[in-house]
Amino acid sequence: MFRTMRYKLTFLYTLTFTVAIAIFVSFLFFMLQGVMDRQQVEELQGYFDAEKANFQQQAQQSSAIMIEPTRHFFYYIYRNNDELVGGASPYEQLDHALFNNFHANHKTHTTLAWQKEHVLAIKKELQHGYVLVGKTITTQQNFFKNASLTLLLATVIFTLLIGAISHFFAGKAVKPIQNTYELQKRFVSDASHELRTPLAVFQSSLDILQTEKLTPFGQEVLHDAEQESAHMEALLEQLLLLARADHHVNINKTPVDVTQLLQQIVHTFQRISAVPIDLTCEPNIHVLGDEQKLKQLFYILLDNAMRFTSEGAITIVASKEEIIIIDSGIGINAEDLPHIFERFYRGDTSRHKGGTGLGLPIAQAIVHQHDGTITVKSSHKGTCFTVVLPFFS
-18 MFRTMRYKLT FLYTLTFTVA IAIFVSFLFF MLQGVMDRQQ VEELQGYFDA
32 EKANFQQQAQ QSSAIMIEPT RHFFYYIYRN NDELVGGASP YEQLDHALFN
82 NFHANHKTHT TLAWQKEHVL AIKKELQHGY VLVGKTITTQ QNFFKNASLT
132 LLLATVIFTL LIGAISHFFA GKAVKPIQNT YELQKRFVSD ASHELRTPLA
182 VFQSSLDILQ TEKLTPFGQE VLHDAEQESA HMEALLEQLL LLARADHHVN
232 INKTPVDVTQ LLQQIVHTFQ RISAVPIDLT CEPNIHVLGD EQKLKQLFYI
282 LLDNAMRFTS EGAITIVASK EEIIIIDSGI GINAEDLPHI FERFYRGDTS
332 RHKGGTGLGL PIAQAIVHQH DGTITVKSSH KGTCFTVVLP FFS
């Protein structure tokens, strides 16, 4: 239980810090990239302003595109009818790719991957046409690519580091709770054992009083005391059973005929139940376990179903895969459902029915001792318990 809690806390801490650092790094990365893009666009704008007169003059005449491999800035001049009239560029046929890109996206500036290079270009209007002005930004793109990989690697390393630190501090956070829980279990175990002796003396005293001639009032008081004594004895037995389960006491496992056991228990409950109890059971279902504990398990589940079902029916379906107990009773509230296997927990719908709040925790402990699972489903009406044990034929 506490190991699971520790892992959940570790996951929560790690996820929180990782998401926070990822958001911060992403924000920083895109902010720097945005600043760099704006600076590049401003640089191109400055180049256009400086060469605008030359561009206006070239737009009046046609000339070939000059290819200069070492050129930093490049430009292509078009007339209003999209006719290319001249330009200068370090790359051949780049004009076609840029022209198509601008016409497809209708943007004032764009970035383009061209062969193994990356270019940034802006579109500026001229008196008799327009010009596409650009520059190579391959170095900047490679920088951001390497930076993104570095940040990704750093985030992974940071996540692992935060995970290790979170696991350590989660252990520190869980330790006091675990110590308190262990003290509580030890106290319950010790108190249960210590109370058995005075309870036995008390019951012996009640047995002696039964031999005396008492007034009607005295007999009534004696009867109440006997009932409370029996209730106390049952409670102590439940606490002792849970204490033994907490200490992982091994149980004596022998082959148990679950089919026959269920038939006997259901037959007993059918005589006292106010609603029909239907059993559908496959033959020859066996499990390796403690017959008395399994009997107590089914008693608890059937007793719960019977106490909370005033009309309708109780249905038990047993197969070699699972045992399902369904009732048509008052059901369990959604907010109570996650807590019903907690010790001494009683939901709002069960308080008026009495009980100690230990029945279902004991049922769960018995199932776990037999390497099985128990689950529950409930709506506003009716409850379904499913028990899965290592059955065999």
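Per the working numbering, the sequence shown runs over residues -18 to 374. C-beta atoms are modelled at their ideal positions from N, C-alpha and C, and glycine is treated no differently.
CB contact below 7 Å: residue i versus chain D
i, result
"T235", "Going by chain labels, chain D is absent from the structure shown, which holds only one protein chain."
Proximal residues to residue i (C-beta, below 6 Å), its chain only, five neighbours per side dropped
i, result
"T(-5)", "I143, G144 and S147"
"N82", "T91 and L93"
"G270", "K234, V237 and H351"
"A315", "none"
"F54", "Y28 and K116"
"I232", "D271 and Q350"
"Q191", "none"
"F274", "Going by the sequence as given, residue 274 is Lys instead of Phe. The residues are I347."
"I253", "none"
"Q251", "I258"
"T261", "V298"
"Q184", "S210"
Chain-order list of residues whose beta-carbon lies under 8 Å from that of residue i (same chain, five-residue window excluded)
i, result
"E263", "T240, A299, S300 and K301"
"I321", "I313, G328, L341 and V357"
"R332", "Legend: pLDDT at R332 = 47, less than 50; position of this residue unreliable, value from coordinates given subsequently. There are no such residues."
"H87", "none"
"D259", "A294, I295, T296 and I297"
"R60", "A40, V66, H109 and G110"
"G353", "V368, V369, L370 and P371"
"V22", "H90, L101 and I103"
"F149", "none"
"E49", "A69, S70 and P71"
Residue i - containing beta strand (DSSP E), residue span
i, result
"E106", "E98 to L107"
"T367", "T364 to V369"
"H53", "Where H53 is concerned, there is no enclosing beta strand (DSSP E), given that its DSSP letter is neither H nor E."
"G115", "G110 to T117"
"I46", "I46 to I48"
"T356", "T354 to S359"
"L65", "L65 to S70"
"H90", "H90 to W95"
Proximity below 7 Å, CB of residue i to CB of residue j
i, j, result
"G110", "A40", "yes"
"T117", "K104", "no"
"T(-3)", "T140", "no"
"G310", "T290", "yes"
"F366", "I306", "yes"
"V100", "I58", "no"
"L79", "A102", "yes"
"A346", "L278", "no"
"V368", "I304", "yes"
"L370", "V247", "no"
"E207", "L187", "yes"
"T119", "E98", "yes"
"A31", "M47", "no"
"V114", "L13", "no"
Unbroken alpha helix (DSSP H) run spanning residue i, endpoints
i, result
"G340", "G340 to Q350"
"L75", "L75 to N86"
Heavy atom of the ligand MG within 6 Å of residue i beta-carbon
i, result
"E32", "As presented, the structure is devoid of all ligands, the ligand MG included, so that no description of it is given."
Cβ shell of residue i (< 7 Å), same chain only, five flanking positions each side left out
i, result
"G152", "R(-13)"
"D308", "A286, F289, T290, I295, G363 and T364"
"Q96", "none"
"V256", "T290, E292, G293, A294 and I295"
"S43", "V66 and G67"
Item to check | Contact the stretch 17 to 28 vs the stretch 75 to 85: 3+ CB pairs below 8 Å | outcome: As far as the Cβ criterion goes, the stretch 17 to 28 does not touch the stretch 75 to 85, which means the pair count is below three.
Checklist entry - Between the stretch -3 to 17 and the stretch 125 to 135, do at least 3 Cβ pairs fall closer than 8 Å? => result Three or more beta-carbon pairs separated by less than 8 Å link the stretch -3 to 17 to the stretch 125 to 135, which places the two stretches in contact.
Checklist entry - Contact between the stretch 197 to 217 and the stretch 243 to 255: three or more CB pairs below 8 Å? => result Pairwise C-beta distances place the stretch 197 to 217 out of contact with the stretch 243 to 255, as fewer than three of them are shorter than 8 Å.
Checklist entry - Which runs of the beta strand (DSSP E) fall wholly inside the stretch 218 to 304 and span at least 3 residues, in chain order? => result If one requires a minimum length of 3 residues, the beta strand (DSSP E) runs lying completely within the stretch 218 to 304 are 235 to 238, 258 to 262, 267 to 270 and 295 to 299, in chain order.
Checklist entry - What beta strand (DSSP E) runs, 3 residues minimum, are completely inside the stretch 4 to 52? => result Segments of the beta strand (DSSP E) lying fully in the stretch 4 to 52: 46 to 48.
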